[in-house]
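Trainee: The structure's right below; bear with me while I get my questions together.
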């Protein structure tokens with residue numbers, strides 16, 4: 007079972023939005039998917055009520071994430087996406103502790119780049135793979151990133167932070183889809199918003215397979231020693 011944790015100390019970074027759009031993209035009959043809303047603000051739970059369907063399923067509450075994940079595994083979920091509050095609370099630490107991959111959304115601004123460092127420190131301390139995703143970015147022009155996005159990417163690279171090569175652009179389709187209880191792919195499969203979520207999912211899937219491959223190789227090396 008793969009666990010994606012969306013974490014950032016900065017409010018408004020887009021954790022809930024990315025979790026919702028990715029969950030609807032991931033959830034297929036072959037990929038049983040669960041959302042866990044561990045943020046007291048309850049944005050994911052609100053969206054899920056509008057959605058009115060249990061695909062993806064949702065559990066809310068931040069108590070005993072370990073027990074919730076054990077139950078999810080017993081129920082046969084393949085993917086679990088956890089939305090966390092914008093702070094460094096024990097809930098965030100526990101979620102990261104159980105993560106297969108930590109996704110750190112960040113908007114291309116000075117305050118956002120400064121805020122991600124706290125989340126990165128937790129992931130590094132717990133030795134969990136993580137990656138930043140530039141979110142709410144200005145649209146590209148002639149396939150070139152806006153200067154503010156390039157500067158943010160450079161700042162993250164200087165901090166030795168893995169950064170997704172793409173971006174999630176500030177688009178009306180993302181908000182309009184959520185208002186309908188949908189993800190970008192469901193709202194308009196041909197849209198640029200759906201394409202960006204698809205590209206992000208491909209990168210996440212590739213990263214997790216690489217992490218799992220490295221883990222298997224390490225175990226094999228230990229067994230042979």
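Residue numbers (our numbering): 7 to 231.
Heads up, the beta-carbon is just placed ideally off N, CA and C, and yes, glycines get one too.
(1) Please name the residue, chosen from 42, 169, 20 and 36, that lies closest to residue 105 on a Cα-to-Cα basis.
(2) In terms of residues, what are the limits of the alpha helix (DSSP H) holding residue 118?
(3) List the whole-angstrom C-beta distance separating residue 57 from residue 187, where the pair is believed to meet the contact cut-off of C-beta under 8 Å.
(4) Could you work out which residue in 118, 200, 217 and 9 is closest to residue 182 when comparing CA atoms only?
(5) Which class does residue 165 belong to by DSSP, given the choice of helix, strand or coil?
(6) Three or more C-beta pairs under 8 Å: does that hold for the segment 121-130 against the segment 22-34?
(7) Can you give the Cα-Cα distance for residue 8 and residue 76, rounded to whole angstroms?
(8) Taking residue 5 as part of the alpha helix (DSSP H), name the residues at either end of that continuous run.
(9) With three or more C-beta pairs closer than 8 Å as the rule, is the segment 7-23 touching the segment 81-94?
(10) Would you give the residue range spanned by the alpha helix (DSSP H) that residue 79 belongs to?
(11) Here's a check: name, in chain order, each residue in its chain whose Cβ is nearer than 7 Å to the Cβ of residue 207, leaving out the five neighbours to either side.
(12) How close, in whole Å, do the beta carbons of residue 190 and residue 203 come, if the pair is a contact with beta carbons under 8 Å?
(13) Please list the segments of the alpha helix (DSSP H) lying wholly inside the segment 163-211, counting only runs of 4 or more residues, in order along the chain.
(14) Compute the Euclidean distance between the alpha carbons of residue 119 and residue 109, then round it to the nearest angstrom.
(15) Can the beta-carbon of residue 107 be found less than 8 Å from the beta-carbon of residue 137?
(16) Would you mind stating whether residue 51 and residue 71 have Cβ atoms separated by less than 8 Å?
(17) Whole angstroms are fine: how far does the CA of residue 94 sit from the CA of residue 122?
(18) Check residue 12 in the structure and name its three-state DSSP category.
Mentor: Concretely, from the data shown:
(1) Answer by Cα proximity: 42.
(2) For residue 118, the uninterrupted alpha helix (DSSP H) segment begins and ends at 116-131.
(3) With 8 Å as the limit, residue 57 and residue 187 qualify as a contact, their Cβ atoms being about 3 Å apart.
(4) Considering only alpha carbons, the answer is 200.
(5) If DSSP states are grouped into helix, strand and coil, residue 165 belongs with coil.
(6) Counting C-beta pairs with one atom in each stretch, the segment 121-130 and the segment 22-34 have fewer than three that are closer than 8 Å, which means they do not touch.
(7) Distance between the alpha carbons of residue 8 and residue 76: 12 Å.
(8) Nothing in the structure corresponds to residue 5, since the chain is present only between 7 and 231.
(9) With a cut-off of 8 Å, the segment 7-23 and the segment 81-94 count as touching, because enough Cβ pairs lie within range.
(10) Its alpha helix (DSSP H) spans residues 71-80.
(11) Only 28, 31 and 32 meet the Cβ criterion.
(12) With 8 Å as the limit, residue 190 and residue 203 qualify as a contact, their Cβ atoms being about 5 Å apart.
(13) Complete alpha helix (DSSP H) runs here, min 4: 178-185 and 190-193.
(14) Taking the straight line from one Cα to the other gives about 14 Å.
(15) Taking the C-beta atoms as reference points, residue 137 is found nearer than 8 Å to residue 107.
(16) Result no, Cβ atoms of residue 51 and residue 71 do not sit closer than 8 Å.
(17) Straight-line Cα distance between these residues: approximately 11 Å.
(18) It is a strand residue.
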